[in-house]
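Using UniProt numbering, you'd call the opening residue of the sequence shown number 1 and step up by one each time.
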Amino acid sequence: MNEMEMHMNIAILGLGTVGSGACEAVKSAIDLEVTRILVRRPKPEYADLQTEDIDDILNDPNIDLVAECIGGIHPALEYVLGAMEHGKHVVTANKALVSAHFEELENCARKNGVQFRFTPSAGGGIPWLYNLQRAGRCDTIEEVHGIVNGTCNYILDLMHTKGLDFAEVLRDAQELGYAESDPGADIEGWDTQRKCVISANLAFRTVIPEDSVPVLGIHHILAEDIAFFNENGLTCRLLMNASLQGDAVSAYVEPTLLTSAALESGVGTNYNMVSLTGKNVGPLSFYGQGAGKMPTGTSLVHDIIDIKDGISFSPSASTGPAPSKVDNTKTSHPYYFRIAAGASFPEEPIASEQVRNSYRYITTKPMTVSDAHALASRYENAFVAGYKE
């Protein structure tokens, strides 16, 4: 299909949360038609469209674009590469896929003369990646950071505002559909790590491996930690952080202690807020629903409409040489450590300490991110957070 033609035929892979949301959102768009849906289990309402064989989609010359909504790495990777090799544009919200195979997917799209878009993969319903790429066209992006996991934000917000403990709020989040039955990827920070990688790749025209980005999650936080933060006028949020550091990139994920002056401290329930700092434009922030059926499905359809309308998208990784090494040895700030009262801790970095409720509450002097995360790894059930200065 010529990109400027008015009608576009779409195949959707998967009818889970995102796929069903995309199906509904397409109904509100002009000149988009879902003509095929890949399913694992047939659904009566889509009897005329569904198939269980990916080849029915790959080999159909009338399908212009494939929306990958399966999730995970395999078989999503093979399906996406196959679609682009058959001359079909691809859109996806699959953060695991985009984070792990960013360069391979971009190279495949370029080689086959198609577009590969992934706006919902970091930010869900927020047009974060679209605007990040747009901001970088005539500016140098110096930093990206923010709240990109609604599950963690919901948990932390209710612990602060309702005085509930972690397990209770997590159960509540699961009942509301904000958290998965296995919430590990969210509460341990891996979901945020993937979104950090995708954002850094786009912002800094680079490709960084997932495992080079250190992560501290929120799964060890206690009501005692929240009480300490509230007493000191601080709010805890899980943030991704990435910035240019000379010829390298600093990138990490950690719970972060914020004063009321920080915009992120006011982000409640399952909302997200993510920001960039440009050399020319300064700080820009984006706020909204970072996940969910209709926010994410609608964002996916926005990508489809842009492709249909011939709006190009050139991810930064496709242009020129760039840093690819993660170096967290030059980024520093104070840290909070809550460890058992009997646990040892190096004396040199301690700025202040309280001992109560069988715990040591330690605030350190500024430490590099690499040193702080290495120190945190010594303590099995400690809660560690950075202070945002």
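By construction, the Cβ of each residue, glycine as well, lies at the ideal position given by its N, Cα and C atoms.
Whole-angstrom distance between residue j and residue i, CA atom to CA atom
i: Met-273; j: Pro-44; result: 39 Å
i: Glu-78; j: Lys-88; result: 14 Å
i: Glu-85; j: Gly-113; result: 9 Å
i: Ala-203; j: Gly-136; result: 7 Å
i: Thr-368; j: Thr-329; result: 6 Å
i: Tyr-387; j: Ile-218; result: 15 Å
i: Tyr-359; j: Arg-171; result: 26 Å
i: Asp-139; j: Ala-341; result: 49 Å
i: Phe-166; j: Asp-225; result: 11 Å
i: Pro-366; j: Leu-284; result: 27 Å
i: His-220; j: Ile-311; result: 45 Å
i: Glu-353; j: Glu-231; result: 14 Å
i: Cys-196; j: Tyr-46; result: 36 Å
i: Asn-62; j: Glu-188; result: 43 Å
i: Ile-155; j: Glu-24; result: 29 Å
i: Ala-382; j: Val-90; result: 42 Å
i: Leu-375; j: Pro-255; result: 15 Å
i: Phe-228; j: Asn-357; result: 11 Å
i: Leu-164; j: Ser-370; result: 32 Å
i: Val-66; j: Glu-389; result: 44 Å
i: Trp-128; j: Leu-222; result: 32 Å
i: Val-80; j: Leu-13; result: 10 Å
i: Ser-344; j: Leu-216; result: 20 Å
i: Phe-313; j: Phe-116; result: 8 Å
Sub-8 Å separation of residue i and residue j beta-carbons
i: Ser-260; j: Ser-250; result: no
i: Gly-268; j: Asp-157; result: yes
i: Gly-124; j: Pro-295; result: yes
i: Ile-73; j: Ala-96; result: yes
i: Leu-238; j: Ile-147; result: yes
i: Ile-70; j: Val-34; result: no
i: Lys-325; j: Ala-372; result: no
i: Thr-235; j: Ser-265; result: yes
i: Thr-192; j: Val-253; result: yes
i: Leu-351; j: Thr-331; result: The sequence shown places Ala at residue 351, not Leu. Their beta carbons are not under 8 Å apart, which means Ala-351 does not touch Thr-331 by this criterion.
i: Ile-198; j: Ala-122; result: yes
i: Ser-299; j: Thr-119; result: yes
i: Arg-338; j: Tyr-361; result: yes
i: Glu-142; j: Thr-17; result: no
Distance between beta carbons of residue j and residue i, contact taken as under 8 Å
i: Leu-105; j: Ala-83; result: Contact flag wrong, Cβ pair sits at about 11 Å.
i: Leu-263; j: Ala-385; result: Not really, about 18 Å apart at Cβ, beyond 8 Å.
i: Leu-49; j: Ile-37; result: 5 Å
i: Ile-126; j: Gly-288; result: 4 Å
i: Asn-131; j: Phe-286; result: 7 Å
Q: Could you say if the stretch 92-105 and the stretch 206-213 meet the contact criterion of at least three C-beta pairs nearer than 8 Å?
A: yes
- Identify every run of the beta strand (DSSP E) within the stretch 91-157, keeping only runs that are complete inside it and at least 3 residues long; order them along the chain. 141-147
Do three or more CB pairs link the stretch 297-306 to the stretch 144-159 at distances below 8 Å?
no
As an exercise, report each continuous beta strand (DSSP E) stretch of at least 3 residues that is fully enclosed by the stretch 36-71, in chain order.
As far as the stretch 36-71 is concerned, its whole beta strand (DSSP E) runs of at least 3 residues are 65-68.
#### Entry: Those runs of the beta strand (DSSP E) which lie wholly inside the stretch 275-353 and span at least 3 residues
282-289, 335-340
For this session: Tell me the start and end of each unbroken alpha helix (DSSP H) in the stretch 169-234 that is at least 4 residues and wholly inside, in chain order.
Result: 184-187, 190-204, 223-231
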